[in-house]
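Enquirer: In this note's numbering, the protein residues as written are 575 to 641.
#1: May I ask you to report which of helix, strand or coil DSSP gives residue 593?
#2: In whole angstroms, give me the CA-to-CA distance for residue 581 and residue 633.
#3: Assign residue 589 to buried or exposed, taking buried as 16 or more other Cβ atoms, counted over all protein chains shown, within 10 Å of its Cβ.
#4: Of the residues 609, 614 and 610, which one's Cα is nearest the Cα of residue 601?
#5: Let me check understanding here. Comparing Cα to Cα, which of 630, 597 and 627 lies closest to residue 637?
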């Protein structure tokens with residue numbers, strides 16, 4: 575698990591989340607953030623970041639579970 579440090583939106587389509595630990599190397603089928611399940615979006619060159627489809631909810635401070 576890791577925690578979301580900051581976030582920004584790309585083209586109103588994706589939300590990029592900076593996290594406090596490098597995500598696992600294996601591909602996750604889902605991210606569970608704040609009790610909600612999100613489908614990962616492929617993001618390259620982001621060692622401490624993940625991407626999901628955009629949501630209006632702020633995820634800063636929430637824990638991420640990789641499943």
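Note that beta-carbon positions come from the ideal geometry of N, C-alpha and C, so glycine has one too.
Expert: Per the coordinate set shown:
#1: strand
#2: Rounded to the nearest angstrom, the two C-alpha atoms are 7 Å apart.
#3: buried
#4: 614
#5: 597
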